[in-house]
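Chemist:
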Amino acid sequence: MHSRRPETLKIDISKYRGVEEDSLLRWFVELDDAMRARRIDDGNMQVAFAQSNLAGRAKTWALRLKLHDPYAFGSLEVFKSRLRQTFQPPRAEFRARTELLKLKQGKRDVHA
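Now the structure itself:
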């Protein structure tokens, strides 16, 4: 009897380019969903997968850091934190969370 490998779902995500119109928080949500669907649990693989979904300024930034320090991103959390510090404008996270909350509430009356 052969043991079956758990099935994975291949979800494509948008490339994060590091430009103003890209939402970093939205990209993080897409990234986390895709890694769960693909069952990418290893920290090094998570960072590699995240880096493979960068483009433009963001990709150049990551490659430049890795050229100077191959261990610049020790974990996915470090990678995300450094991306935030570099590309997320001040108060952007607050605005993004407010938008997300509005979307979740939908048409429900909050005062009811």
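When we follow the numbering used here, the leftmost residue of the sequence shown carries the number 1100, and every step to the right adds one.
Glycine residues also receive a C-beta, built at the ideal position from the N, C-alpha and C atoms.
A quick note: this is a predicted structure, and the numbers were derived from the prediction, not measured.
By Cβ distance, which residues of its chain are closer than 6 Å to V1146, with the 5 residues on each side in sequence left out?
Modeler: The residues are F1172, L1175, F1178.
Chemist: State the CB to CB distance for the pair A1136 and T1107, rounded to an integer number of angstroms; the pair is presumed to be in contact (CB under 8 Å).
Modeler: Rounded, the Cβ-Cβ distance is 6 Å, consistent with contact.
Chemist: What are the complete alpha helix (DSSP H) segments, minimum 4 residues, inside the stretch 1106-1191?
Modeler: Taking only runs of at least 4 residues, the alpha helix (DSSP H) segments lying wholly in the stretch 1106-1191 are 1123-1137, 1142-1151, 1155-1167, 1175-1186.
Chemist: Could you check how far apart the C-beta atoms of L1130 and R1183 are, in whole angstroms? I think they sit under 8 Å.
Modeler: Incorrect: roughly 13 Å between the Cβ atoms, too far for contact.
Chemist: Could you work out which residue in E1120, H1167, E1119, W1126 is closest to F1148 when comparing CA atoms only?
Modeler: If we check each option's Cα against that of F1148, W1126 comes out closest.
Chemist: Under 9 Å, do F1186 and A1157 count as touching if we go by C-beta distance?
Modeler: Cβ distance < 9 Å, so F1186 and A1157 count as in contact.
Chemist: Anyone know if the C-beta pair for P1188 and E1120 falls short of 9 Å?
Modeler: Not a contact, by the Cβ cut-off of 9 Å.
Chemist: As a quick exercise: from R1138, N1152, M1144, I1139, pick the residue whose alpha carbon is nearest that of D1111.
Modeler: Residue N1152 is the option with its Cα nearest to D1111.
Chemist: Closest to R1116 by C-alpha separation, out of T1197, S1180, W1160, would be which residue?
Modeler: Ranking the options by Cα distance to R1116, first place goes to W1160.
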